[in-house]
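Novice: Okay, here's the structure, questions in a sec.
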Amino acid sequence: MPIKYVCKNCGTILHKFEKVGQDFYGVRTPSEIKSIFGGKCPRCGHELSTPTLDDIKIFFRKKPQKVMVLEQLR
């Protein structure tokens, strides 16, 4: 499940963690992302803040269903 850190003002993706093994340190914390960019969005200059529980959004991806035709396998 990918984790994206996004500026809530302009929507710029600040960091995206897609899979285990992507980098040595694992998932970065919001504080680390904030310090990497000096506390401001590189695109719009909006001050970055630590997200609250209301700011966190979880989206489920629809999994493609595998359809097997049994008659073709016989």
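One point on numbering: in the working numbering, the residue at position 37 of the sequence shown is 19, and numbering is uninterrupted.
All residues carry an ideal CB built from backbone N, CA and C; glycine is no exception.
Please read these numbers as outputs of a predicted model, since none were measured by experiment.
Under the assumption that Glu29 contacts Gly21 (Cβ atoms under 8 Å), give the Cβ distance between them as a whole number of angstroms.
Specialist: Contact holds; Cβ gap of about 6 Å.
Novice: Taking only runs of the alpha helix (DSSP H) that begin and end inside the segment -17 to 47, which ones reach a length of at least 4 residues, in chain order?
Specialist: Complete alpha helix (DSSP H) runs here, min 4: 12 to 18.
Novice: How should Cys(-11) be labelled, buried or exposed, when 16 other C-beta atoms within 10 angstroms of its C-beta is the threshold for buried?
Specialist: Buried, by the Cβ-count rule.
Novice: Cβ atoms of Ile(-15) and Phe(-1): under 9 Å apart, would you say?
Specialist: A contact, by the Cβ cut-off of 9 Å.
Novice: Can you give the Cα-Cα distance for Asp37 and Gln4, rounded to whole angstroms?
Specialist: Straight-line Cα distance between these residues: approximately 25 Å.
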